[in-house]
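First comes the structure, then the notes that go with it.
Residue numbers (the numbering used here): 6 to 139.
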């Protein structure tokens, strides 16, 4: 049961901290900027206007979601009664009533495997590598 994937990862190099800049606009001015920006985030659009056309939108660290994979994981969670079974095991352990039999051990191993599989599915759905960090 020691074959669980490790959740830790390498530390990221620190980047120069971006500073906020406040700009006051009337409602009409803001509406005009939003209209002209189109699908481009407003901050990126304004930065491009001020600093030149070479300013590109930085890649976000937020993962992309895969609705199909997320729905599959949620369906598996709903069908498995996994949380209920693990809760019952935890209660039995706390009161010292969990008999250690081959059947009990195989159920615990199966529950751990199911949790591990769901974790991998969630990581895939979120666009993260198996190590858990982008």
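We put the CB at the ideal spot given by N, CA and C, even for glycine.
Express the C-alpha separation of residue j and residue i in angstroms, rounding to a whole number.
i	j	result
residue 34	residue 51	12 Å
residue 118	residue 99	22 Å
residue 39	residue 24	22 Å
residue 107	residue 126	28 Å
residue 103	residue 97	5 Å
residue 105	residue 113	10 Å
residue 29	residue 134	41 Å
residue 85	residue 19	41 Å
residue 120	residue 110	15 Å
residue 57	residue 47	15 Å
residue 95	residue 54	59 Å
residue 36	residue 73	35 Å
Round the Cβ separation of residue i and residue j to the nearest angstrom and send it over; I've been treating them as touching at under 8 Å.
i	j	result
residue 116	residue 87	6 Å
Does residue i get closer than 8 Å to chain D when you measure Cβ to Cβ?
i	result
residue 111	Among the chains in the structure shown there is no chain D, since it carries only a single protein chain.
Taking residue i as the reference, give the member of the options with the closest Cα.
i	options	result
residue 26	111, 49, 20 and 120	49
residue 82	124, 29 and 32	124
Taking contact to mean 3 or more Cβ pairs, one atom from each stretch, closer than 8 Å, check whether the region 79 to 98 and the region 34 to 51 are in contact.
Verdict: no, contact absent.
Are at least three pairs of beta-carbons, each pair with one atom in the region 127 to 135 and one in the region 74 to 88, less than 8 Å apart?
Short answer: they touch.
Runs of 4 residues minimum, wholly inside the region 62 to 132: which ones carry the alpha helix (DSSP H) assignment?
Fully enclosed alpha helix (DSSP H) runs of 4 or longer: 72 to 85, 87 to 99 and 107 to 130.
Where are the alpha helix (DSSP H) runs, 4 residues long or more, that stay fully inside the region 18 to 58, in chain order?
Complete alpha helix (DSSP H) runs here, min 4: 32 to 42 and 47 to 56.
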